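One line per chain: the protein sequences are A and B, in this order. This note's numbering numbers the first residue of the first sequence as 796 and each following residue consecutively. This note's numbering numbers the first residue of the second sequence as 796 and each following residue consecutively. All C-beta atoms, glycine included, are put in the ideal place defined by N, C-alpha and C. Since the structure is predicted, the reported quantities are computational estimates derived from the model, not experimental observations.
2 protein chains.
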Amino acid sequence: MRDFLPADVRKREYVIGIIKEVYERYGFEPLETPAVENIETLMGKYGEEGNQLIFKILKRGEHEKSGEADLALRYDLTVPLARVVAQYQNELPKFFKRYQIQPVWRADRPARGRFREFYQCDVDVLGSRSMIVEAELISAASDALEALGFNDFTIRVNHRNILTAVLNASNIPPAIHSAVLIGLDKYDKNPGSLTEAMANIGVPYESGLKFLTFLLENVTRFKDLVSRAQEAASRQIADATTVEELDVVDFSRLFMDANESLLDRIAGFTFPSLAAEKAIEDVRKVLQLAENRTKPRRVFLDLTLARGLSYYTGTIMEMNVADLPGSLGGGGRYDNLVGMFSKQSIPACGFSLGLERIITVMNERKMFPLSVVGSPADLMVASFDDESQPVAFTFAAELRAQGLRVLLHPESGNPGKHRVYARDRGIPFMIVIGENERQTGQLILVEPRIRGGQQLPKNEIVSAIRQRLEEKKKEREMEDKTFADAIKQERDKADQ
Amino acid sequence: MRDFLPADVRKREYVIGIIKEVYERYGFEPLETPAVENIETLMGKYGEEGNQLIFKILKRGEHEKSGEADLALRYDLTVPLARVVAQYQNELPKFFKRYQIQPVWRADRPARGRFREFYQCDVDVLGSRSMIVEAELISAASDALEALGFNDFTIRVNHRNILTAVLNASNIPPAIHSAVLIGLDKYDKNPGSLTEAMANIGVPYESGLKFLTFLLENVTRFKDLVSRAQEAASRQIADATTVEELDVVDFSRLFMDANESLLDRIAGFTFPSLAAEKAIEDVRKVLQLAENRTKPRRVFLDLTLARGLSYYTGTIMEMNVADLPGSLGGGGRYDNLVGMFSKQSIPACGFSLGLERIITVMNERKMFPLSVVGSPADLMVASFDDESQPVAFTFAAELRAQGLRVLLHPESGNPGKHRVYARDRGIPFMIVIGENERQTGQLILVEPRIRGGQQLPKNEIVSAIRQRLEEKKKEREMEDKTFADAIKQERDKADQ
Chain A
796 MRDFLPADVR KREYVIGIIK EVYERYGFEP LETPAVENIE TLMGKYGEEG NQLIFKILKR
856 GEHEKSGEAD LALRYDLTVP LARVVAQYQN ELPKFFKRYQ IQPVWRADRP ARGRFREFYQ
916 CDVDVLGSRS MIVEAELISA ASDALEALGF NDFTIRVNHR NILTAVLNAS NIPPAIHSAV
976 LIGLDKYDKN PGSLTEAMAN IGVPYESGLK FLTFLLENVT RFKDLVSRAQ EAASRQIADA
1036 TTVEELDVVD FSRLFMDANE SLLDRIAGFT FPSLAAEKAI EDVRKVLQLA ENRTKPRRVF
1096 LDLTLARGLS YYTGTIMEMN VADLPGSLGG GGRYDNLVGM FSKQSIPACG FSLGLERIIT
1156 VMNERKMFPL SVVGSPADLM VASFDDESQP VAFTFAAELR AQGLRVLLHP ESGNPGKHRV
1216 YARDRGIPFM IVIGENERQT GQLILVEPRI RGGQQLPKNE IVSAIRQRLE EKKKEREMED
1276 KTFADAIKQE RDKADQ
Chain B
796 MRDFLPADVR KREYVIGIIK EVYERYGFEP LETPAVENIE TLMGKYGEEG NQLIFKILKR
856 GEHEKSGEAD LALRYDLTVP LARVVAQYQN ELPKFFKRYQ IQPVWRADRP ARGRFREFYQ
916 CDVDVLGSRS MIVEAELISA ASDALEALGF NDFTIRVNHR NILTAVLNAS NIPPAIHSAV
976 LIGLDKYDKN PGSLTEAMAN IGVPYESGLK FLTFLLENVT RFKDLVSRAQ EAASRQIADA
1036 TTVEELDVVD FSRLFMDANE SLLDRIAGFT FPSLAAEKAI EDVRKVLQLA ENRTKPRRVF
1096 LDLTLARGLS YYTGTIMEMN VADLPGSLGG GGRYDNLVGM FSKQSIPACG FSLGLERIIT
1156 VMNERKMFPL SVVGSPADLM VASFDDESQP VAFTFAAELR AQGLRVLLHP ESGNPGKHRV
1216 YARDRGIPFM IVIGENERQT GQLILVEPRI RGGQQLPKNE IVSAIRQRLE EKKKEREMED
1276 KTFADAIKQE RDKADQ
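Have a look at this one:
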């Protein structure tokens, strides 16, 4: 778990702000739940591994000695949502779109972009079985990633019922399906682990071979397509100066064709299975809708996508970039979860973006505009001597009332010392008040970075600062552009 | 601990947004720390009562069985700040202003405006012993409360060394000082509890009498002054239509005179005590600076203010309104806390506003503008039949790309059914796409609240909605004004 110093917080708020704005544009409404849930609410919802990774809270007071836990820290935002929907059924609309951006806690081993405390940015839709829901979730999460500057992510889709049907068609006994899926979930990071897991589970040789053959045949061609598309996208990012210039429509077409042919193969392989037929139809709709967007996407059906959590019942989805193991986000349909907290079952589907993973990649790729981490204030006001402190204090208050962000330095001192502090903190302007200033009402507006200053009467200070800040803002935008150009050149070089 | 449904979240975000903006105006920078701290970081920092109210987290994995805790939930934002400042000394500036708005957890008995999970909105200044710091904190927190619409709060100031000197001058043994202060801390809610506590602690009769006599003499006149000032302020709120019309300058003068005379009495009572002299001088500076603001405040020295937390070393402060037991916020100086985590001691002072208490009072006083809780979207798009779903999906995406907030209903259905949903959700516009719309490109822009609609070609929809939203915004502002007027009339009536 980490501390976030001011520059980090500003980056996080920048990302959260953009994601939130996109979610709001889709009509998702905000929800917040407590960090702490009753332990029974969480246990058994995430599979055996999940149970172990939940942080459990000791009973309080005289019961503390028992060593027992009755509460636990939120493990994801989906189970609390299901509890809320069951609990507030009469207050919430039948069809409910909500977003929730809050931390969750898992006692997992930390890795790059993975922490024990991390933020999930969730969108969920409750009350509909329409595949419009899945398509909208993909669309919203994609829009958010694109608004942040991502252009090379892929969107993988699969369906739990397709996986079940493929396992059945391979004659793998239902009792060990979930164990095979746990192995499959890790296939992406380490393909060998699946075969190993299957051997350990005791999958019959013939069945295992049938399953793996079907899987590998269909996965290989996609892997090739994906890496070609990602290469093309990163080349295009390097060439294009704006997002709008990017055009990956050809790959979109190739993906759609490949998706169609895979759906046909699955239909053949699993025939006759009504559940598979329905699932194939659903996935087809999702893929078509997701393609049928103003901007083409790299959406494809990936049979190796399994998703670890045990509550999924239908479609499952994930978004990935090549330079991060694991995903930027994922989700799926969980039509039975609300029913665990209520007599009434309510269909539901959701998608979650991982804030820390997004920030990790954005930092590494230098995707943050320089202006995100600004200065702590527009102006620093300080006093030369203790007698001037009340005047400096009131002056700072006056400027703030006019909308300036003013840092008042609490210690009296000479302008040279104050200048060093203001400069080191990146504060663009400084005014030091001493006896002279108090007597004459004339102030010296200093730019700490360049020494020297401009003498002005007190009542002209605000407009002078405003004007210079406006100029500086333009300079900063130029700097951001220069910075973006430099990144582009770096990429071009690396490509050669 | 509570769930926050969309309307609640929007209110919370409104309040947090205003507080943040005020804090930023003062040059405070954002910091975030994890919800979970090592248990040793927290234990022993809040006094014995605090130790018991900390939520403790069980060890994980094989150690879970031990029933031992190694982690704990954040109890306030001050101790984590002290840890951060000690830990990142080289990365942080010597003089550091930070704000932090995050939840904390206490296993306390819930009451009105008091919850087990609650948000603190903290500002702290590190690295200076100047009383400018205290005055700035009072000023920032007051500005935040005023920006939210509060005008009748009082600001109470005291100093731990003044309390110690008064206890010494009363011949109360130092060993039982802290026990007396705990009793004093509760005096405000229940004056009888102090005498009872003093009897239980075993304060010698003579000493107790001396202490109580001095205290009561000086407290009574303030209580009277405060209630008169609050009455006047609430009358003025009822009379004034804008905050600017309020003028409580007379009371400000009365407070200042009373403060001066109390400081003199304390000086006399505690003579000769160097610590008291210094503390009196400090408090005098704070009170003078806080008065020396563009807008007068109701700041006064209150000898009954003790503050529960054990880490305070100097000035202590609290802000109160008459209709809430407890405080809207409080703080003080804690010059030794950073030193507990580091060899180097760093002076520090902070103030914390309680989000939930502020919201409780704002709800009861109906201080939220109606427009805070808006509609989930500008427009709802829906489809009449399944064949129109892809068109509706793409259309929604196009409108969002042009900046509208669009809720796409995932189920096909007739316009009457869709209209009911949109109306009940308060969505101002609706478009349903069917075969006719697909063929002609002519859409009907419906206002669900009033039935009927306007036929428009597809490319004119955005500008039509924009125009009507602008008109509606003006209507809403009028509604807010009418609402505010109604509240005023209600108050006037209650006053008669």
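Mind checking residue i: buried by the 16 CB within 10 Å criterion, or exposed?
| i | result |
| --- | --- |
| B:His-858 | exposed |
| B:Ser-1178 | buried |
| A:Glu-931 | buried |
| B:Arg-1246 | exposed |
| B:Asp-1052 | exposed |
| B:Gly-1221 | exposed |
| B:Lys-1288 | exposed |
| B:Asn-1054 | buried |
| B:Lys-1080 | buried |
| A:Glu-929 | buried |
| B:Phe-1066 | exposed |
| B:Arg-1244 | exposed |
| B:Val-952 | buried |
| A:Gly-1109 | buried |
| A:Asn-956 | buried |
Distance, Cα to Cα, residue i vs residue j?
| i | j | result |
| --- | --- | --- |
| A:Ile-1226 | B:Leu-1049 | 34 Å |
| A:Gln-1197 | B:Met-838 | 44 Å |
| B:Thr-1089 | A:Gly-1145 | Reliability of the predicted coordinates at B:Thr-1089 is poor, the pLDDT of 42 falling under 50, and the value obtained from them is presented with this limitation in mind. Taking the straight line joining both Cα atoms gives about 51 Å. |
| B:Arg-805 | B:Asn-833 | 33 Å |
| B:Lys-851 | B:Ser-861 | 14 Å |
| A:Ala-974 | A:Lys-840 | 16 Å |
| B:Asp-1294 | B:Ile-811 | No information on residue 1294 of chain B is available, as it lies outside the stretch 796 to 1291 that chain B covers here. |
| A:Gly-1121 | B:Glu-1206 | 33 Å |
| B:Asp-903 | B:Met-1273 | 43 Å |
| B:Lys-1267 | B:Arg-1261 | 10 Å |
| A:Thr-959 | B:Ser-1258 | 49 Å |
| A:Glu-991 | A:Lys-1005 | 16 Å |
| B:Thr-1036 | B:Asp-947 | Low local confidence applies: a pLDDT of 47 at B:Thr-1036 is under 50, so the model's placement there is unreliable, with the coordinate-based value given in what follows. Answer to the nearest angstrom: the Cα atoms are 15 Å apart. |
| B:Met-1114 | B:Asp-983 | 13 Å |
| B:Gly-987 | B:Arg-869 | 33 Å |
| B:Leu-1280 | B:Ala-942 | The sequence as given places Asp at residue 1280 of chain B; Leu does not occur at that position. Cα to Cα, the separation comes out at about 19 Å. |
| B:Val-1014 | B:Leu-1057 | 10 Å |
Please return the same chain residues whose Cβ sits closer than 6 Å to the Cβ of residue i, not counting the five positions on each side in sequence.
| i | result |
| --- | --- |
| A:Val-1038 | Caution is warranted here: a pLDDT of 43 is assigned to A:Val-1038, below 50, making its placement in the model unreliable, and no coordinate value can be reported. |
| B:Ser-1101 | What sits at residue 1101 of chain B in the sequence shown is Ala, not Ser. The answer, listed in chain order, is Leu-976, Leu-979 and Asp-980. |
| B:Ser-1105 | Gly-842 |
| B:Leu-800 | none |
| B:Gln-1184 | Ser-1178 |
| B:Ile-814 | Cys-916 and Ala-939 |
In terms of DSSP beta bridges, what is residue i paired with?
| i | result |
| --- | --- |
| A:Tyr-914 | A:Pro-898 |
| A:Asn-833 | A:Leu-866 |
| A:Pro-825 | A:Tyr-894 |
| B:Gln-1250 | B:Ile-1239 |
| A:Phe-1146 | A:Val-918 and A:Gly-1126 |
| A:Phe-1095 | A:Arg-951 |
| B:Asn-1115 | B:Thr-949 |
| B:Leu-853 | B:Ala-864 |
Among residues of its own chain, excluding the 5 on either side of residue i, which ones have a beta-carbon nearer than 7 Å to its beta-carbon?
| i | result |
| --- | --- |
| A:Thr-775 | Past the boundaries of the shown model lies residue 775 of chain A; chain A is included only from 796 to 1291, so the question cannot be answered. |
| A:Ser-1002 | Ser-965, Asn-966 and Ile-967 |
| A:Pro-1252 | Gly-1236 and Gln-1237 |
| B:Pro-883 | With the sequence shown as reference, residue 883 of chain B is identified as Tyr, and Pro is not the correct amino acid for it. Closer than 7 Å at the Cβ level, and outside the excluded window around B:Tyr-883, lies no residue. |
| B:Phe-1278 | Leu-1165 |
Only counting the same chain, and skipping five residues up and downstream in sequence, which positions put a Cβ closer than 8 Å to that of residue i?
| i | result |
| --- | --- |
| A:Val-1201 | Ala-1172, Asp-1173, Leu-1174, Met-1175, Val-1176, Ala-1191, Leu-1194 and Arg-1195 |
| A:Gly-1229 | Ser-1178, Phe-1179, Asp-1180 and Ser-1183 |
Worksheet item: Taking the runs of the alpha helix (DSSP H) that are 4 residues or longer, which of them lie wholly in the stretch 1159-1241 of chain A?
Response: 1184-1196, 1210-1219 and 1230-1235
Fill in: Complete alpha helix (DSSP H) runs within the stretch 909-988 of chain A (minimum length 4 residues, chain order)
927-942, 955-964 and 972-980
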